[in-house]
Structure formats: structure tokens, C-alpha cells
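S.K.: Provided herewith is a single structure, encoded as C-alpha cells, for subsequent inquiry.
Residue numbers (the numbering used here), protein chains in the order written: chain A, 1 to 358; chain B, 359 to 768.
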């Protein structure tokens with residue numbers, strides 16, 4: 001915990017180099033795993049029954065659990081009475097959703113860390129904020145989805161929050177134009193989910209030739225993944241070029257997941273995702289799960305110092321990516337930087353049945 | 359309603375707004391007897407068209423299907439039924455509706471084509487997404503249909519998006535409904551009413567396992583290579599996901615014998631596996647990793663080998679937890695359990711268990727076991743290597759009996 005406090009006191013969360021990962025960071029992760037071993041029965045059973053080692057002296061050799069597990073099990077390291085908030089992922093209907101249990105202090109740490117990472121790109125002063133979503137998404141607090149969490153989490157970095165979409169996720173042009181008229185003196189902050197920014201915002205403006213031009217030097221942050229857009233042949237380059245046309249020239253993607261809320265990976269001006277001092281990534285071979293060298297594609301494992309109320313410090317995702325370097329990005333940030341190349345191919349459903357069970 | 363039903367066979371002459379009604383009414387009205395020369399020819403030609411196409415080598419399960427419907431095998435089936443007493447006449451049921459599961463495989467074609475062979479009209483609903491092997495089979499069926507146009511009005515392959523209303527409308531015009539699918543899909547379709555006179559067969563999720571007598575492994579090592587090869591064939595086809603693919607190994611014998619037998623068996627297993635054509639994709643590995651973590655979190659399993667190993671072996675002390683059956687992903691994962699007495703095998707069996715493959719058990723042990731099983735579990739008991747062989751008797755039904763009716767004449 002002291003380590004997080006120390007990092008929070010840094011000017012930016014991108015100052016620690018590779019040596020930090022193999023010393024303080026490693027020790028903190030090991031301490032956290034011991035904590036979960038003591039306090040989460042499910043995690044303890046996993047470690048024992050699989051003969052995983054918690055005492056290794058390298059991050060690569062410490063255990064990891066698949067993120068999919070949070071969809072199947074309630075994994076937590078706190079008593080029922082300490083549960084402050086349960087976050088769930090935004091699964092489509094019928095699909096299982098992740099359940100993440102937070103106590104007060106982990107919820108508060110998530111907020112602080114997210115702020116530290118975001119202000120490094122957004123600046124400390126709150127900007128007028130345009131949210132490419134509908135207000136309804138956050139109104140129903142009972143349905144706390146990843147989208148709700150994202151909007152609420154990022155809203156604290158803006159002011160005069162304006163929702164660009166109506167309930168049916170239709171663009172409300174009048175509201176957007178009023179926002180621009182009212183707040184065009186300074187750069188604004190635009191936030192939304194990648195797919196919705198493209199589909200419900202940009203394409204609508206483009207196809208109907210609407211008069212929308214955002215103030216100079218505005219910053220757009222977006223996340224949520226590229227799966228749907230790549231199937232429509234929209235890549236990051238086209239995405240950025242397109243948003244440029246409506247005056248948004250600072251476009252940053254972020255990579256994050258509900259299982260590690262807070263310690264997100266932010267895109268830099270060179271176009272790479274960066275680990276912050278709160279996080280680390282390891283890329284593993286898709287069959288052997290051995291760590292692979294830089295520039296080789298594999299499964300992304302994400303590590304975070306944050307989770308204390310649930311055993312989510314070391315997770316194996318089903319995303320593919322590659323590390324492009326460490327401590328030497330031209331943007332000036334320390335730590336590893338990486339690119340995401342897509343999602344692992346699922347196994348086929350075969351035989352007589354037709355349901356995916358795991 | 360218009361064009362909600364999409365046809366794969368070339369009989370898509372249905373153009374009006376009431377497709378489902380036209381679908382039913384466009385079917386042939388005349389009755390043909392079961393196993394008529396015409397239908398046997400049609401089925402045999404379908405089989406031939408698969409076997410003669412070199413591309414079928416990419417789909418070993420279709421070659422097995424074609425073999426089942428070959429002239430030789432259909433004759434064998436016909437001889438079995440025609441030897442029975444003749445104080446009745448066997449007739450088809452009429453219109454049959456077959457609902458295939460939404461996966462890549464072709465197992466549903468067995469029951470559909472047996473229904474056709476019995477003289478029935480077959481409406482087959484495929485899932486909207488299908489695989490190369492299903493496409494290959496459809497292509498062959500269309501080819502054979504073009505040579506046997508009389509079957510254009512007897513065999514219909516089509517799809518429609520999940521739509522209870524269409525299923526309901528078709529269901530009230532038919533004499534038999536056959537459902538393949540996961541438990542939830544089967545439950546949902548079964549809730550849609552049928553004609554009072556209609557029959558229904560459902561093939562929901564099942565679980566299968568292998569029993570090995572440890573002592574026989576130790577004393578019969580000369581047979582082990584072929585036994586292990588047969589076991590591998592049972593488990594690598596369909597990525598261990600067919601209902602009858604063994605997913606669990608029950609070791610039967612003294613602790614000492616079982617310890618030795620396991621070592622010997624798995625040593626042989628790996629020496630044979632090296633030369634086998636099997637797939638182990640990263641998606642399969644990930645499923646094993648998730649299952650392994652999930653089950654171990656609930657203390658239901660312990661590692662023998664890890665998820666990155668193929669196969670992944672998990673020690674289980676009691677197979678009775680339903681979760682072990684529901685969450686087994688196939689894809690190269692084995693539960694292993696040790697028992698000392700035959701009665702302990704029986705107590706591991708659940709209602710949903712289908713195929714028991716065995717090695718080293720003799721006839722008296724098998725019949726002893728069968729009567730110790732305290733529920734309706736186990737529909738097939740076969741030597742290792744026969745798990746995936748389709749037969750006219752499936753899930754406890756004789757399909758020919760189910761797809762025909764007997765008219766008593768005295």
C-alpha cells in the first residue's frame with residue numbers, strides 16, 4: 001500500500017524503469033498474493049490444487065489466473081460486510097458477466113490511480129466535457145456496467161458534462177452544437193467508447209454532413225476495444241484521421257478491463273499503450289504460456305498493484321499483443337510499451353451439444 | 359414471414375408469404391415403405407458421393423458417416439429388422455422435423471437420414487452458421503437430390519433465425535420432432551407444443567467415461583499400444599466434445615495396481631500420441647486453463663498435469679458433483695478417479711451418463727456393474743475404441759422403432 005502512495009506522490013505515474021519491476025513491484029505483488037491466499041478461499045484453492053508457487057523471484061514465474069474466471073466465480077478477499085460496490089462487465093444478453101467486489105478503500109484507490117494516469121495526459125485543470133453516450137447509461141446505478149464505470153470514472157476529470165447522445169443512442173446535434181458554442185474558448189475533453197464514437201457520433205456527422213467542429217487542441221479519450229470496428233475495416237489510423245476532420249487532433253485509446261479498473265494502459269503520442277508504475281505486462285506464448293521476447297505476439301498478461309479486495313493482481317487476458325520496448329519510448333515515459341493485435345481465437349464448439357460451458 | 363426461412367437444398371420454390379405453410383404442404387403426400395430400394399439407393403449414393411470426393415479426407419467424421427450409410431452397412435441394418443416376426447407391417451410416421459445443434463458437426467445427419475431411410479419426409483433445421491463439413495454434406499446432398507428428383511419433396515434443409523413462432527408452426531404439422539442440442543436449447547424447444555399424436559426424441563447433453571481395470575493393464579502390456587490408440591481415437595475426434603467422447607477415467611483396482619497401471623498407460627499414451635493427427639489450439643488450451651482454475655477453486659480437482667500439457671489430467675475424488683460434468687470443456691481434459699470395488703464405479707454414475715467404454719472388464723463384471731447403478735445412467739457399454747461408433751440404438755432408443763410405426767395385421 002505504501003508503494004501505491006509513493007507512486008501517487010510522483011509528478012507522473014510513468015517514472016519507474018525496469019529495475020523497479022524486478023524489485024519493489026515484484027515484492028509488492030508477492031505480498032498481495034499472500035494476502036489473497038490468506039483471505040480468498042477460491043484463490044487459496046487454486047494455488048494449492050494447481051501447485052502454483054507464490055515465492056518466485058521473478059514476475060514471470062508468479063501465478064496468473066484467467067480473467068474469464070471472474071465470470072464463473074465470485075472471487076473476493078474481503079468479508080461480505082465490507083463489500084462497498086460490485087462491478088459487473090457489460091456482457092451482451094445471455095453471456096456471463098464478470099463480478100468484481102470492492103471495499104471502500106479499493107474503490108478509493110482505483111479513483112486516485114485513474115486520476116493520476118489520466119491527468120498526465122489531460123492536465124490538472126478540469127476541462128469542459130463531452131460524453132459520447134446517453135445520460136441513461138449512468139442513471140441506473142443498479143446496473144453498474146463497464147460503460148457506467150468508465151463514464152463515472154472519467155467524468156471526474158471534466159466539468160459541464162454534456163451527453164452527446166439521447167436515450168436511444170441517437171446523436172443530439174443541437175446539444176452538441178450548444179456545447180461547442182458555449183465552451184469553444186479552451187480545449188475540451190471528449191470521452192466515449194471506441195465503437196460508439198465511431199458509429200453513433202462520427203459516422204452520423206459525416207454521412208449527414210453536419211456542422212460539428214470541436215475547439216482546437218481538444219483531447220479525446222476512448223476505450224472498449226476494436227473488435228467491432230476492425231470487422232468494419234476501421235483501424236486506429238483511420239479512426240484518428242477521421243476524428244481530425246471534426247477538429248479533434250489529440251486522440252488517445254486506453255486499454256483496461258473491469259478486472260483491473262484504475263490501472264489502465266494509456267496510449268501515448270507515439271501511438272503505443274504504456275504500462276504505468278502501477279502496472280506491468282507480460283506477453284506469453286499462445287500454447288506454452290512461456291514468456292516471449294519483445295516484438296513477438298502472444299497472450300497479454302496484466303499485472304496491477306491495485307486489487308486488494310479480490311485476487312486480481314495477475315491476470316491472463318484473452319487479448320493478443322506484443323511488447324515494443326521498455327523505458328525508451330520517444331514519448332519520454334518509462335516502462336514497457338506495447339500494441340494490441342486482437343483477440344485469441346476461441347475453441348470450436350463440436351459434438352452433439354451446442355453450448356459453450358466454460 | 360416472407361423469406362425468413364432460407365433453404366439449402368435446391369427445393370426453394372417456395373415464394374409466397376406463408377413459407378412455413380408452403381414448406382409443409384409442398385412435401386410429398388404419398389407413402390413409401392421403410393427401406394425401399396429408392397431410398398436405400400439415394401442414401402447409398404449420398405455415401406458414395408462423400409467417399410469418392412478426395413476432399414472428404416479433411417473431414418474424417420464425414421467419412422465415418424458415409425461408411426454408416428454405405429451399401430454394405432445399410433444392408434446389414436435392413437437384414438436385422440427384416441428378420442423379425444411378420445405379424446405387422448412397418449410404416450413410416452410421416453412428416454419429421456429435425457433440429458440440429460448450432461455447432462460445427464454433423465452428428466444430427468445420422469438421425470435425419472435414418473428417418474428418411476424409414477420412409478419419412480424430413481424437414482431439417484440447421485443453425486444459421488455452419489461449418490465447412492456441414493457445407494460439404496449439404497453440397498453432396500444437393501448433388502444426389504439432383505439425380506433423385508423424387509426426393510426433392512421428401513428432404514428439406516433450411517434455416518431460420520431463432521424464432522419460436524416458426525418452430526411452433528412447423529411443430530403443429532408434423533408427426534415426429536427430433537432435437538439435438540444443449541440442455542437449455544432442448545428444454546426451450548420441448549416447451550413448444552406438438553400435435554397430440556406426434557412423437558419427440560431429444561438428444562441433450564450427455565457425459566461419458568472410461569473404466570480401466572488396473573491389473574489388466576499391468577498384465578496385458580502386449581495389447582496396450584492398440585488399446586491406447588483406440589482410446590486416443592475416442593477422445594481426439596470432435597475435440598472430446600461429442601456426448602460419447604470419454605472425459606473421465608475411472609481406475610479400478612488396488613491402489614498399488616492403479617499406481618503402476620496409470621504410469622504404464624500414460625507412457626504408452628504419449629508414445630502413441632506423437633504419431634497421431636490431433637489438434638491442440640490455444641483456444642483449447644485456454645478452455646483447459648479456465649476449467650482447471652475454476653474446478654480447483656471449488657476444491658473439486660487437483661492437478662496431475664497442467665493446462666498447458668496435452669492432455670490435462672485432473673485428479674478428482676468424487677465425480678458426483680454435477681459441475682464436473684457441466685463445466686468439462688472437452689478439448690483434451692481428463693478427470694481421473696481411483697476405485698477399489700465395482701460398486702464404487704456404480705456410485706459415480708449419474709442420470710446424464712451415456713457411454714461407458716472399458717478395458718479389462720469381463721462380462722460378469724459388466725453385468726454386475728449394470729445392476730448396481732442406482733439411476734438411469736449409462737446407455738452404452740463398449741470396449742475402448744468404440745465410443746464414437748454410431749448405431750441404430752442411441753441414447754437408449756432404437757431409432758428405427760422410433761421413426762416408424764407397426765401396423766398390426768392378423
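Beta carbons are placed, not taken as given, at the ideal position from N, Cα and C, and that holds for glycine. All figures in this text were calculated on a predicted structure; none of them were measured in a lab.
Let me make sure I understand the geometry here. Which of B/727, B/744, B/713 has the alpha-carbon closest to that of residue 592 of chain B?
M.R.: B/744
S.K.: Looking at C-alpha atoms only, which residue of A/250, A/350, A/233 is the closest neighbour of residue 220 of chain A?
M.R.: A/250
S.K.: Using Cβ-Cβ distances below 7 Å, what residues of the stretch 259–289 of chain A are close to chain B?
M.R.: 286, 287, 288, 289
S.K.: Given this structure, state the Cα-to-Cα distance separating residue 371 of chain B from residue 449 of chain B, to the nearest angstrom.
M.R.: A caution first: residue 371 of chain B carries a pLDDT of 42, below 50, which makes its placement in the model unreliable, though a value can still be read off. One C-alpha to the other measures close to 29 Å.
S.K.: Count the CB pairs spanning the stretch 456–466 of chain B and the stretch 537–551 of chain B that are closer than 8 Å, and state whether there are at least three.
M.R.: yes
S.K.: Check residue 768 of chain B in the structure and name its three-state DSSP category.
M.R.: Coil.
S.K.: So with CB distances below 9 Å, who are the chain B contacts of residue 345 of chain A?
M.R.: Within 9 Å Cβ-Cβ: 639, 640, 641.
S.K.: Looking at the unbroken beta strand (DSSP E) that takes in residue 339 of chain A, where does it start and where does it end?
M.R.: 336–343
S.K.: Using DSSP bridges, identify the partner residues of residue 301 of chain A.
M.R.: A/282, A/316
S.K.: Considering only heavy atoms of the ligand FMN, does any lie closer than 7 Å to the CB of residue 34 of chain A?
M.R.: Within the structure as shown, the ligand FMN is missing, as the structure has no ligands at all.
S.K.: Between the alpha carbons of residue 226 of chain A and residue 549 of chain B, how many angstroms are there, rounded?
M.R.: Computed Cα separation, rounded: 39 Å.
S.K.: Whose C-beta lies closer than 7 Å to the C-beta of residue 709 of chain B among residues of the same chain, with five residues either side of it excluded?
M.R.: Result list for residue 709 of chain B: 733, 734, 735, in chain order.
S.K.: Using a beta-carbon distance cut-off of less than 7 Å, what residues from the stretch 117–136 of chain A approach chain B?
M.R.: Listed by position, the residues of the stretch 117–136 of chain A near chain B (Cβ gap below 7 Å) amount to none.
S.K.: Give a yes or no on whether 8 Å exceeds the smallest Cβ distance from residue 502 of chain B to chain A.
M.R.: no
S.K.: Could you give the DSSP three-state label for residue 373 of chain B: helix, strand or coil?
M.R.: Legend: pLDDT at residue 373 of chain B = 44, less than 50; position of this residue unreliable, no value from coordinates given.
S.K.: For residue 477 of chain B, which residues of its own chain have a beta-carbon under 6 Å away from its beta-carbon, when the five flanking residues on both sides are left out?
M.R.: 390, 391, 392, 450
S.K.: Any Cβ of chain B within less than 8 Å of the Cβ of residue 244 of chain A?
M.R.: no
S.K.: For residue 752 of chain B, write down the residues that DSSP places opposite it in a beta bridge.
M.R.: B/755
S.K.: Rounding to the nearest angstrom, what Cα-Cα distance links residue 661 of chain B and residue 624 of chain B in this structure?
M.R.: 15 Å
S.K.: Pairing CB atoms from the stretch 46–61 of chain A with CB atoms from the stretch 265–279 of chain A, are three or more of them under 8 Å?
M.R.: no
S.K.: For residue 211 of chain A, count neighbouring Cβ atoms within 10 angstroms of its own Cβ and tell me buried if that reaches 16, exposed if not.
M.R.: exposed
S.K.: Using DSSP with H/G/I as helix, E/B as strand and the rest coil, what is residue 702 of chain B?
M.R.: helix
S.K.: Would you report the Cα separation of residue 654 of chain B and residue 46 of chain A, rounded to the nearest angstrom?
M.R.: Between residue 654 of chain B and residue 46 of chain A, the alpha-carbon positions lie close to 5 Å from each other.
S.K.: Beta-carbon separation of residue 321 of chain A and residue 283 of chain A under 8 Å?
M.R.: Yes, Cβ-Cβ distance for residue 321 of chain A and residue 283 of chain A is below 8 Å.
S.K.: Residue 51 of chain A versus chain B: which residues are under 7 Å apart at the beta carbon?
M.R.: 661
S.K.: Per DSSP, what kind of secondary structure is residue 290 of chain A in: helix, strand or coil?
M.R.: Of the three classes helix, strand and coil, the one that applies to residue 290 of chain A here is coil, per DSSP.
S.K.: Quick one: using the 10 Å Cβ neighbour count with 16 as the cut-off for buried, is residue 579 of chain B buried or exposed?
M.R.: Within a 10 Å sphere around the beta-carbon of residue 579 of chain B sit fewer than 16 other beta-carbons, which makes this residue exposed.
S.K.: Should residue 681 of chain B be labelled buried (16 or more other beta-carbon atoms within 10 Å of its own) or exposed?
M.R.: Per the 10 Å Cβ criterion, exposed.
S.K.: State yes or no: is the beta carbon of residue 318 of chain A nearer than 8 Å to at least one beta carbon in chain B?
M.R.: yes
S.K.: Using 8 Å as the cut-off, can you tell me whether the stretch 498–518 of chain B makes contact with the stretch 429–445 of chain B, which would need three or more C-beta pairs spanning the two stretches below that distance?
M.R.: no
S.K.: What's the C-alpha gap between residue 153 of chain A and residue 105 of chain A?
M.R.: Between the alpha carbons of residue 153 of chain A and residue 105 of chain A lies a gap of roughly 15 Å.
S.K.: Scan the stretch 683–694 of chain B for residues whose Cβ lies nearer than 8 Å to a Cβ of chain A and list them as they occur along the chain.
M.R.: 684, 685, 686, 687, 688, 689
S.K.: Considering only the beta carbon of each residue, do residue 404 of chain B and residue 545 of chain B sit closer than 8 Å?
M.R.: no
S.K.: On the DSSP letters alone, give me the boundaries of the beta strand (DSSP E) that residue 159 of chain A sits inside.
M.R.: 158–165
S.K.: Taking residue 672 of chain B and residue 691 of chain B to be in contact with their CB atoms under 8 Å, please state how far apart those CB atoms are, rounded to whole angstroms.
M.R.: 7 Å
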